[in-house]
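Participant: Protein chains in written order, with UniProt numbering: chain A, 1 to 1128; chain B, 1 to 293.
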Amino acid sequence: MASLPVPQICSKKQSSCFCRPQPGCLCMVWSTQPENGRGRQIPGLSWLPWGPLSHLTYRPKDTQPQARYWEAEEEIDFEKDLLTVPPGFKKGVDFAPKDHPTPAPGLLSLSRLLEPLDLSGGDEDESEAVGQPAGPRGDTVSASPCSVPLARASSLEDLVLKEASTAVSTPEPPKPPPQEQWAIPVDVTSPVDDFYRLIPQPAFQWAFEPDVFQKQAILHLERHDSVFVAAHTSAGKTVVAEYAIALAQKHMTRTIYTSPIKALSNQKFRDFRNTFGDVGLLTGDVQLHPEASCLIMTTEILRSMLYSGSDVIRDLEWVIFDEVHYINDAERGVVWEEVLIMLPDHVSIILLSATVPNALEFADWIGRLKRRQIYVISTVARPVPLEHYLFTGNSPKTQGELFLLLDSRGAFHTKGYYAAAEAKKERMSKHAQTFGAKQPTHQGGPAQDRGVYLSLLASLRTRAQLPVVVFTFSRGRCDEQASGLTSLDLTTSSEKSEIHLFLQRCLARLRGSDRQLPQVLHMSELLHRGLGVHHSGVLPILKEIVEMLFSRGLVKVLFATETFAMGVNMPARTVVFDSMRKHDGSTFRDLLPGEYVQMAGRAGRRGLDPTGTVILLCKGRVPEMADLHRMMMGKPSQLQSQFRLTYTMILNLLRVDALRVEDMMKRSFSEFPSRKDSKAHEQALAELTKRLGALEEPDMTGQLADLPEYYSWGEELTETRHMIQRRIVESVNGLKSLSVGRVVVVKNQEHPSTLGVILQVSSNSISRVFTTLVLCDKPESQDPQDGGPAAPDVPHPDDLVGFKLFLPEGPCNHTVTKLQPGDVAAITTKVLRVNGEKILEDFSKRQQPKFKKDPPLAAVTTAVQELLRLAQAYPAGPPTLDPVNDLQLKDVSVVEGGLRARKLEELIRGAQCVYSPRFPAQYLKLRERMQIQKEMERLRFLLSDQSLLLLPEYHQRVEVLRTLGYVDEAGTVKLAGRVACAMSSHELLLTELMFDNALSALRPEEIAALLSGLVCQNPGDPGDQLPSTLKQGVERVQTVEEFVGELNFGLVEVVYEWARGMPFSELAGLSGTPEGLVVRCIQRLAEMCRSLRGAARLVGEPVLGAKMETAATLLRRDIVFAASLYTQ
Amino acid sequence: MAMEMRLPVARKRLSESLGRESKKHLVVPGDTITTDTGFMRGHGTYMGEEKLIASVAGSVERVNKLICVKALKTRYNGEVGDIVVGRITEVQQKRWKVETNSRLDSVLLLSSMNLPGGELRRRSAEDELAMRGFLQEGDLISAEVQAVFSDGAVSLHTRSLKYGKLGQGVLVQVSPSLVKRQKTHFHDLPCGASVILGNNGFIWIYPTPEHKEEDAGGFIANLEPVSLADREVISRLRNCIISLVTQRMMLYDTSILYCYEASLPHQIKDILKPEIMEEIVMETRQRLLEQEG
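(1) Using the Cα positions of A508 of chain A and G484 of chain A, report the straight-line distance between them to the nearest angstrom.
(2) Keeping to the same chain, check which residues put their C-beta closer than 6 angstroms to that of T392 of chain A; ignore five residues upstream and five downstream.
(3) Is the beta carbon of A873 of chain A closer than 8 angstroms to that of R721 of chain A?
(4) Out of A:V661, A:E387, A:Q267, which one is the CA nearest neighbour of E547 of chain A?
(5) Since Y966 of chain A sits in a beta bridge, which residues does DSSP pair it with?
(6) Should H500 of chain A be labelled buried (16 or more other beta-carbon atoms within 10 Å of its own) or exposed?
(7) Can you confirm whether S304 of chain A, when its beta carbon is compared against all beta carbons of chain B, has any partner nearer than 8 angstroms?
(8) With a threshold of 8 angstroms between beta carbons, is T1110 of chain A in contact with chain B?
(9) Hey, is V63 of chain B's beta-carbon within less than 8 angstroms of any beta-carbon in chain A?
(10) Please state if the CB of V757 of chain A and the CB of V834 of chain A are separated by a distance shorter than 8 angstroms.
(11) Count the CB pairs spanning the region 1117 to 1127 of chain A and the region 1005 to 1018 of chain A that are closer than 8 angstroms, and state whether there are at least three.
(12) Here's the rule I'm using: 16 or more other beta-carbon atoms within 10 Å means buried, otherwise exposed. How should W336 of chain A be labelled?
(13) Checking the sheet assignment: what are the DSSP bridge partners for V824 of chain A?
(14) Return the CA-CA distance between A193 of chain B and V172 of chain B, expressed in angstroms with no decimal places.
(15) Considering only residues of the region 628 to 671 of chain A, which uninterrupted beta strand (DSSP E) runs meet the minimum length of 3 residues and lie entirely inside it, listed in chain order?
(16) Anyone know if the C-beta pair for I203 of chain B and V174 of chain B falls short of 8 angstroms?
(17) Using a Cβ-Cβ distance cut-off of 8 angstroms, determine whether T355 of chain A contacts chain B.
(18) Using a Cβ-based criterion (distance less than 7 angstroms to any ligand heavy atom), does G532 of chain A qualify as near the ligand COA?
(19) Can you find a C-beta in chain B that's less than 8 angstroms from the C-beta of F272 of chain A?
(20) By the three-class DSSP mapping on this structure, what secondary structure does H220 of chain A have?
(21) Answer with buried or exposed for T100 of chain B, where buried requires no fewer than 16 other C-beta atoms within 10 angstroms of its C-beta.
(22) When we look at the beta-carbon of A217 of chain A and count the other beta-carbons within 10 Å, is it buried (16 or more) or exposed?
(23) Measuring alpha carbon to alpha carbon, tell me which residue in A:S455, A:L390, A:V452 is nearest Y417 of chain A.
(24) In the DSSP assignment, the alpha helix (DSSP H) including A1086 of chain A goes from what residue to what residue?
(25) So with Cβ pairs under 8 angstroms, would you call G977 of chain A a contact of chain B?
(26) If we cut at 8 angstroms on Cβ distances, does L156 of chain B have a partner in chain A?
(27) Return the CA-CA distance between G236 of chain A and S353 of chain A, expressed in angstroms with no decimal places.
(28) My output table needs one value for L531 of chain A: the three-state DSSP class, helix, strand or coil.
(29) Check whether the region 510 to 522 of chain A and the region 582 to 600 of chain A are in contact - that is, three or more C-beta pairs closer than 8 angstroms.
(30) Between M252 of chain A and chain C, is there a C-beta pair that is closer than 8 angstroms?
(31) Starting from the Cα of V746 of chain A, find the closest Cα among A:N733, A:E866, A:A826 and give me that residue.
(32) Where does P610 of chain A fall in DSSP's three states?
(33) For the pair the region 362 to 379 of chain A and the region 211 to 228 of chain A, tell me if three or more CB-CB distances fall below 8 angstroms.
(34) Are any of the Cβ atoms in chain B nearer than 8 angstroms to that of E1101 of chain A?
(35) Could you tell me if P207 of chain B is buried or exposed, where buried requires 16 or more neighbouring beta carbons within 10 angstroms of its beta carbon?
(36) Which residue's Cα is closest to the Cα of E1087 of chain A: A:E992, A:F995, A:A982, A:D996?
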């Protein structure tokens, strides 16, 4: 029977909980003994009475008897049925314990599989614990200091070892380990069979049985641990979020759920409200139930809450970050980092992400930030496996040309690929026969597209593989393709009426003329036929209608852009990729594996379909197999820090003294790799300090008085020479001089100041390599100077000043080495005539054992003799090329360096200490000391703020703020800075505009139109029909704008007319911008107007404030601000 | 018994030469600041007949095109992020009314408080009932301004544990315009006492807590008698602050410390004599000028 140490631990905790002097409820403590009630926030305060939850994931391995029992029950043939590669996986699992970041699920060792039967023994304590009252106040009772001081494992191997013996939550004397591990991967392969025993009263129950990874996550949530869940979109991460919300409701605390996009927030709001009821929504323009126990918001809102120290943070228990891989977003990723850094320690974090390869590293960063363990639950399992196909058909005749490329088990079928290529080629060649050899690059116009889609949809329809999402990477093509399929009608009459009713109900919210918008009419026509379009150009309300109809299964074919792949569960039977290339803002490129996986993950409805189908259209050529392979089976992109400094961040942090900007930078994920070892550095520093203290002071009396100077001169000289040499080698002239035949002084590990002649210069410009023939001793006499009172490494003035060339004792030998530029200590003025290639050839020949005894060629011996002669002629080194005169290096640093070097040489020559007999010994002592000090300096630097990558940028930005008068010399934020803090975006430009009095004189609608230039994303001309005041305003903004790059005044007229009350239907005629974008622009504009109103109030300018208020109300009307359908 | 009698005399004007602020543009209500219409009006000004006119007595400040007048003697106008010291005047449902020297009473919501024990949970009805136990009328607190309502009323919060109820110490009330805005308003002076320079002009002088981490933000007054030495330092500081205020010197850690050092030759009770006040403030001023160079 496995020994179970865990219950004892539990009981220990239990008792320690009770032996608190005041175990009663806190309010009692407070009213009776106020002086005792003062406490501190206890991070990781645990809410539940100590339950039996502490030994869940890690259980003893030695469970053989149970294994047999289990075997009998399940009747698994362990001899034959074992797979090494689990179904749906590409690779098998290495069973050996290892510190692999993500424990790939798969079949693990038997004992592991069969462990969880440790039912017997030691349950008494636990059942007692379970019986504790768990009333609303009772929950908070156990505010005991024993709140799981989790064991710190110095490495993962240690952890694995420990698992075997004890539970991970064993309190351990906190000894500072050199390398901490804050991210703990959770094994999601072993089923949690005792789940219901461990959580007798779950805070939330589902109609279905949670998956293993969900159970694991829930167990950790119950322990108030932070978790990182990385899984595919449809795997069911929401379950984890739901449990946290339920748990917080039980504990009377709050949960914040953040999502990257507003649309997603709306959808989640509806989902969670249906489940929990008490749910609020905070986005830029909607505020619903801000007091609710679960708040859904965008990450930006959470950030501003953290900056302003909102009350909401105070009773927060969980923060759930959905789609956390959004941290890779160049524009907004920094927000996630800011929020994660600023979240108070008592908040537990739940991160939900698509599968990322470096989940562990990311979790380690967060764990280090918060000084708490993050449990990483990573699974690549899909509840519905996917099958990937290529489709080459383009007509009814070829509609069956569907080739399996990647099956549900993850095997890549090259056969399918070749078949597809064959089918395509056949048609191509036929085509070529008929019309002559045309380039097959032809991508196909709308007509051809239509053929492809008609045949594809017909084929899918016959196999009952609808609904289908077609991902197209441009808005225009989305529309085109949907409109092209005029003949297609996929709905039955009863569905038609359902769609019609739904549309009627939704559109009833709109104003009369808005219902007649071309886009609305067009879309309703499409929807009636079971088609849908979903991209950012579609009006938000229509987008929501499409989403809702799609989730009800009434939209059979949906043409969507990538945005649809993000977020809530909207699965289809089939996913079609229009192409595998997309435009990412700057160039066309192939889809990244992460993107592909995310989009493909939309295929396969859980519980409905056995597999999901993913089809890649081959309209032109069949893509290269390597590309396909990379896209389908490649690793998703890593989580990367996009941390950057923003003025808002700097101003907000300067305003309060809770957190310095330096601290923020230090904690960012981008600094993580360098900061990770800070603990180790600190330790090394302490070690060095100790060693330094133990060293005896070098004697520096009498003649040795200038010993320290001597040392520093020597160091400086070496450094200066090095610098000059580097500059020479980098310079054009220097490189020219370093040609074949040049005699150089080589100084590196093997060759102490030896003459050499360059034989060959590699042309690689990044790292030049000089192949050089160097003098050396015969290999027999390894150490030339053994013994002797002057240890070889105590430098005398001659060593330092001149080169004191190495002269081989006895017969001279030579060798050929490859030198880095740094190894060349000096370039002499001498040039030898050598035949480099010949020498090299000869030398390499003689390297072979066969020719070892061969005498060197005459060319070699001549060169060696010549070198030797030079070395003898100039024992202190031959004259070197002067960097300034000979090489024309007029660089200030080089010239100064040369002067300094000469000065130092003189100083060193004049040094007295070298004449002292105690010089060598004392010098060594001093050097050791100095080296330690230098190392300490380096470590201190690494630990200090100075080593931050972004520090120079920070100083520059603060300088900007100082020049503009936003902060004063001492870093106190002044009025202008506070105004800038109030702005939601473009903080500097808006503040400057305001203080420049550019806005006050204008009318509200003009201000709105003017500001549209800041929020609009489409370039364009302002148009000619603008009133003159506006034109002036535009010019003015363009002159104020010296520091901001791009402003687009394309929508000025549209916004102006909208603010003046023009109906939306007429607006569409004014610009070619898609309606959805116009709406988004106006929405953001209204937000900006509101922040300007706040700013105007701050400076005490009521007129402008009133104008901004009016502008905001003028903008917020009709279809632009129609409330989301999800929030109804 | 020796006794000192003093008769009221007209206050001597300070010599202007020392003040660097002599360049300041000072206005009284009704003064025209500018007739140029290109400017924006800020606090303390109004537009009349195409002119920008001062509505308070104070110095004119300009940020680009914005002109505002900073009043010399004023009630406290809250700004987000300010640190204030205030006195509880009323316990209401879910909130306390706090006197912070502003025009309207400030509020401290129950939910914006770090409750004793620092536990994190939503406030319940029991907490509401126990509110008077946390803070009652007359208690002094330090807090941060969380938000300013549209009518100028201030909402406070105790963002971290360094805020909270104040124990033993001395409160000095000065004009808010004399408190210099700084990054930190909590100072542990080397002379042995600490001050909180509230942005609202309430200054709290208290003995430097020994075990800082434990005590900060506590809700229980430490009733241990304060040693005589500490009390002397506190009274001296208090008198120094009053002298600085009488001579209209800005209050911040350096000025207070210099004034304290200048006052050391005198007895505490003598500091408030006008001639001594003048002397030590002059000395302070001199040192500050030297230091600022």
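Backbone N, C-alpha and C fix where the C-beta goes; we use that ideal spot for every residue, glycine too.
Facilitator: Reading from the atomic positions:
(1) Going by the C-alpha atoms only, they are around 28 angstroms apart.
(2) Cβ within range, chain order: E401, A420, A423, K424, C618.
(3) No. Outside cutoff.
(4) For E547 of chain A, the closest of A:V661, A:E387, A:Q267 by C-alpha to C-alpha distance is A:Q267.
(5) The bridge partners DSSP lists for Y966 of chain A come to none.
(6) Counting Cβ neighbours within 10 Å, H500 of chain A comes out exposed, since fewer than 16 surround it.
(7) Not closer than 8 angstroms to any Cβ of chain B, the Cβ of S304 of chain A fails to qualify, so no.
(8) T1110 of chain A does not count as touching chain B.
(9) V63 of chain B counts as touching chain A.
(10) Less than 8 angstroms separates the beta-carbon of V834 of chain A from that of V757 of chain A.
(11) The region 1117 to 1127 of chain A is not in contact with the region 1005 to 1018 of chain A.
(12) Residue environment analysis places W336 of chain A among the buried positions, since at least 16 neighbouring C-beta atoms fall within 10 angstroms of its C-beta.
(13) Answer by DSSP bridge pairing, in chain order: A:V746.
(14) The alpha-carbon atoms of A193 of chain B and V172 of chain B are separated by roughly 14 angstroms.
(15) Within the region 628 to 671 of chain A, no run of beta strand (DSSP E) reaches 3 residues while sitting entirely inside it.
(16) One thing to note: I203 of chain B has its Cβ within 8 angstroms of the Cβ of V174 of chain B.
(17) Under the Cβ distance rule, T355 of chain A does not count among the residues neighbouring chain B, no pair being separated by less than 8 angstroms.
(18) What this structure holds is no ligand at all, so the ligand COA is not there to describe.
(19) Residue-level contact by beta carbon fails for F272 of chain A and chain B, as no gap is shorter than 8 angstroms.
(20) DSSP places H220 of chain A within a helical segment (H, G or I) once states are collapsed to three.
(21) It counts as buried.
(22) Looking at its Cβ environment, which holds 16 or more other Cβ atoms inside 10 Å, A217 of chain A is buried.
(23) Comparing Cα positions, the closest option is A:L390.
(24) From DSSP, the alpha helix (DSSP H) with A1086 of chain A extends over 1075 to 1099.
(25) Judged by the 8 angstroms Cβ criterion, G977 of chain A is not in contact with chain B.
(26) Not one chain A Cβ lies under 8 angstroms of L156 of chain B.
(27) Those two C-alpha atoms are separated by around 11 angstroms.
(28) In this structure, L531 of chain A counts as strand in the three-state DSSP scheme.
(29) Verdict: no, contact absent.
(30) Of the chains in the structure shown, none is chain C; the protein chains are A and B.
(31) Residue A:A826 is the option with its Cα nearest to V746 of chain A.
(32) Here DSSP, grouped into helix, strand and coil, assigns P610 of chain A to coil.
(33) Using a Cβ-Cβ distance cut-off of 8 angstroms, the region 362 to 379 of chain A and the region 211 to 228 of chain A are in contact, since at least three pairs of beta carbons, one from each stretch, lie closer than that value.
(34) Closer than 8 angstroms: yes.
(35) P207 of chain B is buried by the Cβ-count criterion.
(36) Residue A:A982 is the option with its Cα nearest to E1087 of chain A.
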